[in-house]
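Novice: Structure incoming, see below.
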Amino acid sequence: MSPTDSGDVGRLCLVLCTLYFVTQPDQRTKTKEPNTKMIYLDNNATTRVAPEVFDAMQPHLGTFFGNPSSAHTLGREMKQAIEHAREQVAELVGATDTSEIVFTSCGSESDNWAIRGVLATQPNKRHIVTTQVEHEAVRNVCRLLETQGHEVTWLGVDQNGELDLDELRSALRPDTALVSIMLANNETGVLFPIEEIGSIVRDKSEAVFHVDGVQAVSKIPIDLKSTPVDLFALSGHKLHAPQGIGALYIRQGVSLSPLIIGGAQEQGRRAGTSAVPNIVGLGAACRLAQKDNAHARIERLRNRLEDVILEKIPNARLNGIAARSKRLPNTSNISFQYVDGQNILMHLDAAGICVSTGSACHSTSHESSPTLHAMNVPFTAAQGSIRFSVGRYNTEEEIETTLSLLPGIVAKLAAMSPYRDELAALGAG
Ligand code: PLP
């Protein structure tokens, strides 16, 4: 081959390669297209950013920028936007004063900070009371603290997922620094009576009371000024704000050491340049939840879904207390006994329906969920558990579509189950 020939081949390759790339669909554009056909019943895992929230954030991702700590006009405008969002958050949770709201990066940070911040202010008190059914953001911190010389009392729950408050009373001690108990369980939606718990903590101890309120905010009314709670964690992405923003409510007068140390942002309590667009998004989401709360409609959809599943599918059983007033209005955790929950999830996914097996954090693990384990749910039921969590954008039609597909999927998987006799005894064989 002459030098000219090899040059021609090189040019031909270049042209062909260019043609190949020009004619290929742009992958980045492709992945940007929303999958609008999916039925999203996984709103306890995360929620879609509301259009109202997106609109509020957009200017802060473009022309309205600046460091809120800067003294110039742009900086001052950002500071104002943050303070407006703080008012919106304070209003939704019923804080007495906006200074009680401190922005963080997520619910996990708020929980970590609450626990570690309390312990750091009282180094002589090394006892913590919490429950066996907390989210990992609390449970795993307490587990780690146990290995570092702290003593943790892990309160159990009954088969309905409820606490025994006498157990709490007898757990409290003079050296109890902290009680950390969630308001709403992320897997079952079971609500803990935090007013009553807070009164017990105040009457029987000097401990600080932290509540993980991440799953509850926007789903049930919350009024912290009239609730004996010292600290309260929340997370934006559970209420149609973006991921990566949270807040910690710190009651006036409660002392908390900082977790993130640096600049004087957030009244010197949490360092780091403020995430203005996300903070504005969280404020807008709180405003949306307050002015247009969708509780009643969401509850109707959840009830319809739950009623029909429990009525039509013979091996279905509810996890968590049956009384609906004691659960979040959007959550149903249902076990399809003797059938694998992961398999149900995959079949529903293939049919365009998103659900979760227990907490999203367990999606790669086949261990039984600690919450269901603590509730004494048998392994063969826990493994078949599905969490349905309804949200603001679900429609009646979506619920009916789910109800039309689910019984067939469960029946198909039941037919392949090694537990045929047990299923036959339930009328599902
Ligand atoms: N606490 C509860 C009850 C949760 O459900 C979650 C998230 O699922 C968290 C804490 C952690 O929140 P984030 O995802 O914002 O870190």
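Taking the numbering used here, I'd label the letters of the sequence shown as residues 6 to 434.
Even for Gly, the Cβ is constructed at its ideal location relative to N, Cα and C.
Tell me which residue opens and which closes the beta strand (DSSP E) that L196 is part of.
Specialist: Reading the sequence shown from its first residue, position 191 is the one you call residue 196. Element bounds for L196: n/a, residue is neither H nor E.
Novice: With C-beta atoms as the reference, is L333 less than 8 Å away from A252?
Specialist: Against the sequence shown, residue 333 aligns to sequence position 328. Against the sequence shown, residue 252 aligns to sequence position 247. Not a contact, by the Cβ cut-off of 8 Å.
Novice: Can you tell me which of the three DSSP states F4 falls into?
Specialist: For residue 4 there is no data in the structure shown, the boundaries of the chain being 6 and 434.
Novice: Compute the minimum distance between the beta carbon of C147 and the heavy atoms of the ligand PLP, and state whether it is under 7 Å.
Specialist: Walking along the sequence shown from the start, residue 147 turns up at place 142. Checking every heavy atom of the ligand PLP against the Cβ of C147, none is found closer than 7 Å.
Novice: Under three-state DSSP, which class holds R53?
Specialist: As a position in the sequence shown, residue 53 is number 48, starting the count at 1. Reduced to three states, the DSSP call for R53 is coil.
Novice: Quick one: does the C-beta of N191 sit closer than 7 Å to a heavy atom of the ligand PLP?
Specialist: As a first step, residue 191 must be located in the sequence shown, where it is residue number 186. N191 Cβ: within cutoff of the ligand PLP.
Novice: Given this structure, state the Cα-to-Cα distance separating I255 from R322, to the nearest angstrom.
Specialist: As a first step, residue 255 must be located in the sequence shown, where it is residue number 250. As a first step, residue 322 must be located in the sequence shown, where it is residue number 317. The straight-line gap from Cα to Cα measures roughly 39 Å.
Novice: To which residues of the same chain is K84 closer than 7 Å at the C-beta, ignoring the five residues directly before and after it?
Specialist: Stepping through the sequence shown from its first residue, residue 84 is reached at position 79. In chain order, P73 place their CB closer than 7 Å to the CB of K84, counting only its own chain and leaving out the 5 sequence neighbours on each side.
Novice: For a minimum of 3 consecutive residues, which ranges assigned as the beta strand (DSSP E) are wholly contained in the stretch 53-119?
Specialist: 106-109
Novice: Helix, strand or coil, according to DSSP, for S373 in the structure here?
Specialist: Along the sequence shown, one-based indexing puts residue 373 at 368. DSSP, reduced to helix, strand and coil, places S373 outside both helices and strands of the structure shown, so it counts as coil.
Novice: Under the DSSP definition of a beta bridge, which residues are partnered with E156?
Specialist: To locate residue 156, count along the sequence shown from 1; it is residue 151. BP columns for E156 point to H132.
Novice: I need the residues with a C-beta less than 5 Å from some heavy atom of the ligand PLP; please give them in chain order.
Specialist: Qualifying residues, in the order they occur: C111, G112, S113, H140, A142, N191, D217, V219, Q220, S240.
Novice: How big is the Cα-Cα spacing for W118 and D171?
Specialist: Your numbering for residue 118 matches position 113 in the sequence shown. Your numbering for residue 171 matches position 166 in the sequence shown. C-alpha separation (whole angstroms): 28 Å.
Novice: Write down the C-beta distance between V285 and A61 rounded to the nearest angstrom, noting that I regard them as a contact closer than 8 Å.
Specialist: In the sequence shown, the residue the question calls residue 285 occupies position 280. In the sequence shown, the residue the question calls residue 61 occupies position 56. With a Cβ gap of about 5 Å, V285 and A61 count as contacting.
Novice: Quickly, what does DSSP pair G122 with across the bridge? List them, please.
Specialist: Against the sequence shown, residue 122 aligns to sequence position 117. DSSP, once it has assigned bridges, lists no residue as partnering G122.
Novice: Could you tell me which residues DSSP puts in a beta bridge with L322?
Specialist: Along the sequence shown, one-based indexing puts residue 322 at 317. As written in the sequence, residue 322 is Arg, which differs from the Leu given in the question. Answer by DSSP bridge pairing, in chain order: S340.
Novice: Is H245 helix, strand or coil when you go by DSSP?
Specialist: Counted from its first residue, the sequence shown places residue 245 at position 240. It is coil, neither helix nor strand.
Novice: Which residues in the same chain as G432 place their Cβ atom closer than 6 Å to its Cβ, once the five residues preceding and following it in sequence are excluded?
Specialist: Stepping through the sequence shown from its first residue, residue 432 is reached at position 427. Here the set comprises P319.
Novice: Could you say which of T407, A76, Q137, T103 lies nearest to D354 if we only look at CA atoms?
Specialist: The residue given as residue 354 occupies position 349 in the sequence shown. Looking at the Cα atoms, T407 is the closest of the given residues.
Novice: Is the distance from the Cβ of I199 to the Cβ of L173 below 8 Å?
Specialist: Sequence index remark: in the sequence shown, residue 199 carries index 194 (1-based). Sequence index remark: in the sequence shown, residue 173 carries index 168 (1-based). No.
Novice: Classify D228 as buried or exposed, calling it buried when 16 or more other Cβ atoms lie within 10 Å of its own Cβ.
Specialist: For the purposes of this step, residue 228 is taken as residue 223 along the sequence shown, with counting starting at 1. When all chains shown are included, D228 counts as exposed.
Novice: Report the partner residues of T278 according to the DSSP bridge assignment.
Specialist: Locating residue 278 in the sequence shown gives position 273, counting from the first residue. According to DSSP, T278 bridges with nothing at all.
Novice: Quick one, which of E405, A419, A294, Q63 has its alpha-carbon nearest K243's?
Specialist: For the purposes of this step, residue 243 is taken as residue 238 along the sequence shown, with counting starting at 1. The candidate whose alpha carbon is nearest that of K243 is A294.
Novice: Going by the beta-carbon positions, is the gap between A182 and V216 smaller than 8 Å?
Specialist: Position 177 of the sequence shown, counted from the first residue, corresponds to residue 182. Position 211 of the sequence shown, counted from the first residue, corresponds to residue 216. Taking 8 Å as the Cβ cut-off, A182 and V216 do not qualify as a contacting pair.
Novice: T36 by DSSP, collapsed to three states: which one?
Specialist: Your numbering for residue 36 matches position 31 in the sequence shown. In this prediction, T36 scores a pLDDT of 47, lower than 50, which makes its location untrustworthy; no coordinate-derived value is stated.
Novice: What residue does the beta strand (DSSP E) around S185 start on, and which one ends it?
Specialist: Within the sequence shown, residue 185 is the residue found at index 180, counting from 1. Its beta strand (DSSP E) spans residues 181-187.
Novice: For the candidate residues W159, E403, T232, L428, whose alpha-carbon lies nearest to that of R309?
Specialist: As a working note, residue 309 is residue 304 in the sequence shown. Here the closest residue by C-alpha is E403.
Novice: Which value, in whole angstroms, describes the spacing of the CA atoms of D116 and S240?
Specialist: The sequence position of residue 116 within the sequence shown is 111, counting from 1. The sequence position of residue 240 within the sequence shown is 235, counting from 1. Approximately 10 Å, taken between the alpha carbons.
Novice: For the alpha helix (DSSP H) containing D312, list its first residue and its last residue.
Specialist: The sequence position of residue 312 within the sequence shown is 307, counting from 1. Taken as a continuous stretch (DSSP letters only), the alpha helix (DSSP H) holding D312 covers 300-317.
Novice: With distances taken between CB atoms, is the gap from E139 to N338 smaller than 8 Å?
Specialist: Locating residue 139 in the sequence shown gives position 134, counting from the first residue. Locating residue 338 in the sequence shown gives position 333, counting from the first residue. When the beta-carbon positions are compared, E139 and N338 stay at least 8 Å from each other.
Novice: Mark A299 as exposed unless 16 or more other C-beta atoms lie within 10 angstroms of its C-beta, in which case mark it buried.
Specialist: In the sequence shown, the residue the question calls residue 299 occupies position 294. So A299 ends up on the buried side.
Novice: Buried or exposed: which applies to Q342, given that a residue is buried once 16 or more other Cβ atoms fall within 10 Å of its Cβ?
Specialist: By one-based count along the sequence shown, residue 342 stands at place 337. Classification of Q342: buried, given that the 10 Å Cβ count is 16 or more.
Novice: By Cβ distance, which residues of its chain are closer than 6 Å to L66, with the 5 residues on each side in sequence left out?
Specialist: Position 61 of the sequence shown, counting from 1, holds the residue named residue 66. Closer than 6 Å at the Cβ level, and outside the excluded window around L66, lie P282.
Novice: CB V344 to CB S422, shorter than 8 Å?
Specialist: Numbered from its first residue, the sequence shown carries residue 344 at position 339. Numbered from its first residue, the sequence shown carries residue 422 at position 417. For the pair V344 and S422, the CB atoms are nearer than the 8 Å cut-off.
Novice: What are the partner residues of I44, as DSSP defines its beta bridges?
Specialist: For this step, residue 44 is matched to residue 39 along the sequence shown. According to DSSP, I44 shares a beta bridge with I358.
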